[in-house]
Structure formats: structure tokens, C-alpha cells
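> The structure that follows is given in the form of C-alpha cells.
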Amino acid sequence: MKNRSNDTQILLRVNLSTGAVSREELPRDWTRLYLGARGVNSRLLFNEVPAGIDPWGDQNVLYIGTGPMDGLPVGNSRISIACKSPRGSVAEGSGGGFFGPELRRAGYDYLAIHGKAERPVYLYICDETVEIRDASHLWGLTTDKTDAALRSEICDPNFQFRYIGPAGENCVHASVIMGNLNNSAGRAGCGEVMGSKKLKAIAVRGTGGIRVANYAAFLDAYKEYRSRLDLTTSRDPWTPVWSVYGAPVLARLFTDMGSLMTFNAREMSWGRDKTARISAEVFLDDYVTKAKACFNCPWTACQKQYEIPKGKYKGFKGGNYWAGQPVVFGSSIDNDDLDLLLVISGLCNQYGLDIFHVGFTLSWAMECFENGLLTKADTDGLELRFGCPDPDGLVDLMRKIACKEGFGALLAMGSWEASKVVGRGAERFSLSIKGQELEAITERNNYMVALGVAVSEVGPDHTRWYPPYPCNPNLISKEELHELGVDLDLRKAFQGRNPEEKGKLLRWFSISRAIVESMPGCVFLVRDTLGLDLRPWWKLFGSATGLEMAYPDFVRAGERVFNLERAFNVREGFSRADDRPPIRMATEDVPHFGYPKLSPEVFEPMLDEYYEANGWSKTTSVPTAGKLAELEMSDVTVALQKAGVEVEP
Amino acid sequence: MKRIHVIEDLCNGCRLCQSFCSSLSEGVFSEYARIQVMKAAGEERDTPVVKCSGDCVRPIYKNEIPTCVAVCPTGALFYAEPQEAEEARREWENARRQHSLFKVIAPWKWPLPWKKQQEEAA
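See the structure below:
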């Protein structure tokens, strides 16, 4: 295989209905306009997936995109996966691991999967060889068994895989696409779309290399980027802690701050004792067997392999403990047994389930059970109470959810859909936005978060605007902000319960994360200046691709990305009314801490400010024609008008 | 004579060493390098295999440390005389017995002087 440069972006189209495979080069100015990965995926999705199609049908397309930084030692070589979500919105998610560089080394930047196969298949890519192979023998296997089966079948340890588990095959709401056993991606519905196409796995191997345009400049830019992330030289004092212990360190901090969702967010603190039992420190002491990393990550050990050392689940192996698990499988369902927590979370990876979906649907069901909306007759005899009195039943429930069996079929729908089945006001316990489960993040004492998850185009997703915790406005000075053109009062913007400046700050965060995910890079790698200073990324991008762009143009590319995603959503009928906090956050105060509910008086002005800062219509949230013209996307205005969307001038 | 030593248990499998090594001669990032990180199936082990005396084509950090060692985030690679290597290994093993965070990082890479502060406080 020949080495390749960063000049061209190659798209590989595979049609599973007809078996046709074709390669095409994407327009060259797309690198300048949309950078790569998430940016190009959102453009492809807007252009090629028409409004109103059936997400389960063969018109839906699954895109897997890499970017100009994949295969280079920057940004962990993530991939972006996109399609139309079964809930109608954009479904986009990024995932780490080693798949992205391998795909680029094989000579492709993007994969577009059209159509539907009749029988289960997997896609085999090895440099120029692209084959659609039979996967009947893999159908029904969990992800770890799929991984092992594919490895023994292909007999080359250098192959990289992305696969779905039984949850994706059975089209469970919010199933994910897994890779490297424990790296998930696409919780907004990509796994179920892959399952509906009967595509079990993608195997890829590339033997080429990637040439950067200007090697000396790239090395200089890398050194600057690396010094900002290095444990000893980073500006952010939390860098060493995060890179060794990882995000679960937040649980203990959150319980003191009244930010830890407990009993399905009925309360926001779990007490220090219980939180300490499932803390990152205990995990590292007793469970971790080995540190893991994504491709070329400069951080030490944000992923970890674990093995349960003793007790009933002795010998259970799994990987990764993020900020989500201590909340969704800990405080939210009141489970302080770390063994059980790690087993449930490991099973989610094996079945290809999304942890937030499972966790918050479980806690919703527990609250319904305690309020008499669900009984033992509904739950197949399971005593579904907070505190998990029946751990074995809970472990078995994971399989039932993935296979849509018995009570599992109800939970597989997600709490919002399931509450429509249960009725009698069950939706007030559902922590969901746009039909998708919330993330493990506080809202009523951090308005930035409340606004961020509400407006996110793919349903609640903190990685699209993620403010590094703990929020520290001192990481970037006023002078630097001025230099970067970020015109806001950062101190005020970071005051948790002050609605001012939130919309403006969120706009900058959305831009910065859109850029980083289009490189593509990991959100953890923008801690040092809160991701507001993207000049190191700009230099890396320039030296790797040879494109000379002014910094403001680079920033505008990020803005294009989420404007396109918003345009896709409004074309599908989404509007301002869908950008809402969950019912519980909007109607109930936080007990003990005195944080009031997110009333419309607080929330609406923030929403107005965000739409105004973005140049979107305040009544419908549609990007204005003026804004789209400024972003060189007047064709989007035409497409929206053709679809019957009213675009303000 | 100095050479590149490996503590396999500390390798997290990121392959930064391999990527940079491959790029040094022609500016092309690939998997063809003098150091190869072999991954076992099941993600259970990552084993760096060094086929190099430490005589770097072009050390990117100008301190006579081979590039692969300079970019290693966990401290699994180090460049030392045989005697020093013995000592470093012993230092890591002692540290690991005292604190679990040295399961995943070498003591010479960890910036927070947690031990010293405790001693001073005592």
C-alpha cells in the first residue's frame, strides 16, 4: 500500500442491498469548509439523507468518518459515526480506539453504508480489497465473543474492528457501536441503524502511511500541543488527576456540591460514605489490572482494564470506568456495591448497550415501582427498588433488555417511550430530552449544563459543549480571550446559577467542540484553556494539510458544523419547543441544597441569548438566511425552503 | 552502554513511540518503526519490542533522549545504562507497593509530590 498525503478525502460507498462498492473523491474545498470527521459527516448527511425518510428503511445511510488528524499522533485518532436517528434528529457520536488510523492507512477517509442486507453480513476492508462477507455465525454473539471470533477467522492481529452486540441486532433504543471491546460510539441511535442494515461488524486493515505537508512545522506544533497536555506543564492543575484516575473522581466532588443525581435525581447528594465506596480511588486500588489508551494519546491512563478480585463475581473482566457509571449504576439506582456496578457496566459493553440509556431507564422504572405505577406482575417478579435488593435479577435484566425479552422489552424502549406505555404520569420521572436519556450531569445548579444538554442537536450530549470540570475561569486570561475574539465575561458565565452570559459561552463551546471533533480529537484534550484557545489545533491542522487558513476562518468552520446539524433537525421538524430541560428539572427544586427548579423565567432568556448569539430565529431556532450566507452555505437556505421550512432573512 | 529499556506492565498500548519513530526519516506516519507495540487479543497485554540501540535518526526533543522515550506518556520506556536501569526498575517496584497509582504510571513521570507532602506534614 502506498503512502498518502492529506490533500484528498476519499469516500468509500458500500451498498448492502446490491453489493456495489465504489470510491469517490470528496470536493477538495470540503477540508477547508468542514475540516473532517463530524463536519464532513454532517454535510454528507444533510446532502444525502432527505427529510422524512424512515430511519429503519434502506434510504438511511450510516457514515463513518475520519479526519485529517487520524493516523497522526494528535487527538487520539477518533472516528465520527453519523446517521439519521430513529428519533428523527441527527445521530452523531465519536469513538476512540484504533479503527480510524487503520481505515485511513487502508486509503479511505469516509465510509458510507447504504441499503440493507438480506442476511447478516460483515464488511471486510484490507487496503484495496473490500468484501461483504457472511456473518450468520456472528449474529447473536456478544461483543467480546464477536471480537474473538473475528480475530480467529481473520488471523491477523493488526485488524481493527467495530461491531454491534445483541442490543444493536435487536434494534434496542440507544444501542452503541463498540470497538476494542470497550470503546463505544453513537449512543444517539447508530447501533440500531447498523443493526437494521444487518451489518454485524466492520473489519479494517491498512498498511500505508500518512504524509504530513510540512513535517518541521508539524513537530513544532506538536510540541506546543503536547506541553499543554503534559502532566508537568499543563496549565490545568487537574490534568494529572484526570489522566491517571479518570473522570469518576467527580463523583465525590459532586456529592458535596449537590450535583450527584441520586434516586433518579429526586435528590442531588448521596452522602460521602456511599460515594467513597464506588470512588475512582477504590477502583484503582482493588480492581485495575492495566492501563489502556486510545491511539497515540498523550495521557496516561484514562482507560483501564479491570478484573473483580473476590466475591460472587470474582474473575469478571471488563474495561473502563468513566464519569457516567458512578452515577447511572451507582447513586441514581442507589447501589454502593462496586462489584455489581462494574458487572452491570461490563455487561452493557458486552451487549452493546448504552450505559446512560440503561441506567436512567432503570432508575425511572425503580421510581415507577416505588410509586405503584409498575408492579411485580410487570417486572417478571423482580423487586425493582432503589438499593438493588435483587442484584442477580438486575444482572439478568441486562440480557433481557438487549434481547427485548419480557420486562426488558419495556426498558429497551427508553424511559420516554416506556412512560407512554405505562401512562398515569410516568413521564414526570423520565430524565430525557428529545426522547433520549440524560447524561450524568447536574442541571439545577449549573445553568450552562442545563442549556447545553437542552439545545444539543443529537439529544443530551455533553461532549458537544463540555465545560471542563471543575470549572475554572482562571485557566485563560482576559487578554487572551480578547485576542481570540471571545467577547464575554468568563467569571459571570461560570457562575452556576446566574443565567447571564450562558448563551454566548455555550456558542463558543459549541464551536470549539465542533472543531475538535472534526479534527477529530478527544474532548479531554482541550482542558487547559477550556478549549477556547484552539491555536495549537489550528497550527497542527495547517501543517498537516498544507492549507493556509486565517484563525477566524478556522473558527468559522466549527460554526458551520453545528449549523448544518441544526439545519438537518429543523428540516425534520424539530423546533424551539424541543430544546427543553427534563420535566423533573423544570418542576422540582433540589432538596437540602436550596437550588430552585429551572423555571421558564430562568430558562427562556438563556435560550434567547443562545439563539441570538448564533444568528438563529428566536421563535423557531432555524438558522437565518443571513447567517447561512455568512457561513458560505446559501445552498442550505435553498434546501430548507424547498422542504417547506420558513427561513428568516 | 546506554540502551532503551521497557517496563511492559506500564505500557498502555498507545503506540506514540511507534508513530513518531516511523515518521523520523521521511515525515510519514505509519506502523513501520524500530519499535513495535504488539497487542494481544482481548486487550490484556501490550508489549513494546525494541529493535534499536537508541541511536535515534533525529531526536525531536534536543536532549539526546531517543524520540520514543521522550514521547512515552507512562514512563514504560527509559534510556539508561544497565546499572541505572536496575535502579529505576527497583524504584518503580517500591513505588508500586506503596501506592496503587504506580500501577499505571512510573514514579519519574508523576508530577505531584504526594509522598513528600505527607512526610513534611508528619
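In order, the protein sequence lines correspond to chains A and Y.
In short: position in the first sequence from 1, add 381, done, that's my numbering.
In short: position in the second sequence from 1, add 20, done, that's my numbering.
A virtual CB, placed ideally from N, CA and C, is assigned to each residue, including glycine.
Opposite A:H495 in the DSSP bridges: which residues?
Within the first sequence, the letter at position 114 stands for residue 495 of chain A. Partner(s): A:N396.
> Return helix, strand or coil for A:L474, following the three-state DSSP convention.
Taking the first residue of the first sequence as 1, we reach residue 474 of chain A at position 93. Residue identity differs from the one stated: residue 474 of chain A is Gly in this sequence, not Leu. Strand, per DSSP.
> Name the two residues that bound the continuous alpha helix (DSSP H) containing A:F676.
Here residue 676 of chain A is taken as the residue at index 295 of the first sequence, counted from 1. Unbroken run through A:F676: none, as it is neither H nor E.
> For Y:G47, return the contacting residues in chain A, with the cut-off set at a CB-CB distance below 7 Å.
Counting from 1 along the second sequence, the entry for residue 47 of chain Y is found at position 27. Here the neighbours are R592, V593, Y596.
> Have a look at A:A704 and A:K671 and give me their C-alpha separation to the nearest angstrom.
Taking the first sequence and counting its residues from 1, one reaches residue 704 of chain A at position 323. Taking the first sequence and counting its residues from 1, one reaches residue 671 of chain A at position 290. Roughly 19 Å separates the two Cα atoms.
> Below 8 Å between beta carbons: does that hold for A:D715 and A:G768?
Position 334 of the first sequence, counted from the first residue, corresponds to residue 715 of chain A. Position 387 of the first sequence, counted from the first residue, corresponds to residue 768 of chain A. A contact, by the Cβ cut-off of 8 Å.
> How would you label A:N827, buried or exposed, when you count the other beta carbons within 10 angstroms and need 16 or more for buried?
Within the first sequence, the letter at position 446 stands for residue 827 of chain A. Buried, by the Cβ-count rule.
> Might you give, ordered along the chain, the residues of its own chain that have their beta carbon closer than 8 Å to the beta carbon of Y:A90, omitting 5 neighbours on each side?
Residue 90 of chain Y sits at position 70 when you count from the first residue of the second sequence. Once the five neighbours on either side are set aside, the close Cβ partners of Y:A90 are P79, I80, Y81, N83.
> Please give me, in chain order, every unbroken run of the alpha helix (DSSP H) with length at least 4 that falls completely inside the region 819 to 845 of chain A.
828 to 836
> Report the rounded CA-to-CA distance for A:N561 versus A:K579, giving the unit in angstroms.
Working through the first sequence from its first residue, we reach residue 561 of chain A at position 180. Working through the first sequence from its first residue, we reach residue 579 of chain A at position 198. Near 20 Å, if we compare the C-alpha coordinates of A:K579 and A:N561.
> Roughly how many angstroms separate the alpha carbons of A:F676 and Y:N32, rounded to a whole number?
Counting from 1 along the first sequence, the entry for residue 676 of chain A is found at position 295. Counting from 1 along the second sequence, the entry for residue 32 of chain Y is found at position 12. C-alpha separation (whole angstroms): 10 Å.
> So, does the CB of Y:G74 fall closer than 8 Å to a CB anywhere in chain A?
For the purposes of this step, residue 74 of chain Y is identified with residue 54 of the second sequence, where counting begins at 1. It does not; no Cβ of chain A falls within 8 Å.
> Report yes if the CB atom of A:L754 is closer than 8 Å to the CB atom of A:A807, and no otherwise.
In the first sequence, counting from the first residue as 1, residue 754 of chain A sits at position 373. In the first sequence, counting from the first residue as 1, residue 807 of chain A sits at position 426. Against a cut-off of 8 Å, the Cβ pair of A:A807 and A:L754 comes out as a contact.
> Please report the Cβ distance between A:G474 and A:R568, rounded to the nearest whole angstrom; I am assuming they are in contact, meaning their Cβ atoms lie under 8 Å.
For the purposes of this step, residue 474 of chain A is taken as residue 93 along the first sequence, with counting starting at 1. For the purposes of this step, residue 568 of chain A is taken as residue 187 along the first sequence, with counting starting at 1. Confirmed, Cβ separation roughly 6 Å.
> Do A:A967 and A:K978 count as a contact pair if the criterion is CB distance below 8 Å?
Reading the first sequence from its first residue, position 597 is the one you call residue 978 of chain A. Reading the first sequence from its first residue, position 586 is the one you call residue 967 of chain A. Yes; because the gap between Cβ atoms is below 8 Å, this pair is in contact.
> Quick check: is any heavy atom of the ligand SAM less than 7 Å from the C-beta of A:S386?
Among the components modelled here there is no ligand, and therefore nothing to report on the ligand SAM.
> Apply the 10 Å Cβ neighbour rule to A:Y603 and answer buried if 16 or more other Cβ atoms are within range, or exposed otherwise.
Stepping through the first sequence from its first residue, residue 603 of chain A is reached at position 222. A:Y603 is buried by the Cβ-count criterion.
> Just to confirm my understanding: we take A:Y489, look at its own chain, exclude 5 residues before and 5 after, and list those with CB closer than 7 Å. What are they?
Reading the first sequence from its first residue, position 108 is the one you call residue 489 of chain A. So the qualifying residues of the chain are I391, L393.
> Just to confirm, is the Cβ distance from A:L610 to A:V502 under 8 Å?
Your numbering for residue 610 of chain A matches position 229 in the first sequence. Your numbering for residue 502 of chain A matches position 121 in the first sequence. No, these two residues do not count as a Cβ contact at 8 Å.
> Looking at the structure shown, is Y:I55 part of a helix, part of a strand, or coil, going by DSSP?
Here residue 55 of chain Y is taken as the residue at index 35 of the second sequence, counted from 1. Residue state, collapsed to three classes: strand.
> Does the region 723 to 741 of chain A come close enough to the region 533 to 550 of chain A that 3 or more CB-CB pairs lie under 8 Å?
yes
> Please identify the residue among A:V983, A:I583, A:L792, A:G576 whose C-alpha is closest to the C-alpha of A:L531.
Residue numbering aside, residue 531 of chain A sits at position 150 when the first sequence is read from its first letter. That would be A:I583, whose Cα lies nearest to the Cα of A:L531.
> With 8 Å as the C-beta to C-beta threshold (strictly closer), list the residues of the region 485 to 515 of chain A near chain Y in chain order.
The region 485 to 515 of chain A vs chain Y, Cβ under 8 Å: R486.
> Since Y:R116 meets chain A, which of its residues come closer than 7 Å, beta carbon to beta carbon?
Stepping through the second sequence from its first residue, residue 116 of chain Y is reached at position 96. Within 7 Å Cβ-Cβ: nothing; Y:R116 doesn't reach chain A, min ~12 Å.
> Which residue's Cα is closest to the Cα of Y:D66: Y:L44, Y:M21, Y:T94?
Translated into positions along the second sequence, residue 66 of chain Y becomes position 46. Nearest option by C-alpha distance: Y:T94.
> By alpha-carbon positions, which one of Y:I24, Y:K123, Y:F40, Y:I85 ends up nearest to A:P454?
Within the first sequence, the letter at position 73 stands for residue 454 of chain A. The residue with the shortest Cα to Cα distance from A:P454 is Y:F40.
> Is DSSP giving A:R424 helix, strand or coil here?
In the first sequence, counting from the first residue as 1, residue 424 of chain A sits at position 43. Helix.
> Hey, is the region 515 to 533 of chain A in contact with the region 415 to 429 of chain A, meaning 3+ C-beta pairs nearer than 8 Å?
no
> For the pair the region 922 to 931 of chain A and the region 787 to 798 of chain A, tell me if three or more CB-CB distances fall below 8 Å.
no
> Mind checking whether A:P436 and A:P467 have CB atoms under 8 Å apart?
Numbered from 1 along the first sequence, position 55 holds the residue referred to as residue 436 of chain A. Numbered from 1 along the first sequence, position 86 holds the residue referred to as residue 467 of chain A. Taking 8 Å as the Cβ cut-off, A:P436 and A:P467 qualify as a contacting pair.
> Give a yes or no on contact between the region 904 to 912 of chain A and the region 856 to 865 of chain A, applying the rule of three or more CB pairs nearer than 8 Å.
yes
> Using DSSP with H/G/I as helix, E/B as strand and the rest coil, what is Y:C37?
Taking the second sequence and counting its residues from 1, the one referred to as residue 37 of chain Y is at position 17. If DSSP states are grouped into helix, strand and coil, Y:C37 belongs with the helices.
> For a quick check, are the C-beta atoms of A:P851 and A:W619 less than 8 Å apart?
The sequence position of residue 851 of chain A within the first sequence is 470, counting from 1. The sequence position of residue 619 of chain A within the first sequence is 238, counting from 1. For A:P851 and A:W619, yes; Cβs fall inside 8 Å.
> Could you list which residues in chain Y have their beta carbon closer than 7 Å to that of A:A661, in chain order?
One-based indexing of the first sequence puts residue 661 of chain A at position 280. Under the 7 Å cutoff, chain Y gives no residues; its nearest Cβ is about 10 Å from A:A661.
> Between the Cα of A:V593 and the Cα atoms of A:Q686, A:Y992, A:K673, A:M450, which residue gives the shortest distance?
Working through the first sequence from its first residue, we reach residue 593 of chain A at position 212. Cα-wise, what sits closest to A:V593 is A:M450.
> So, for Y:V69: in the same chain, excluding its five sequence neighbours on each side, which residues have a beta-carbon less than 8 Å away from its beta-carbon?
Mapped onto the second sequence, residue 69 of chain Y falls at position 49. The answer, listed in chain order, is I55, Q56, V57, M58.
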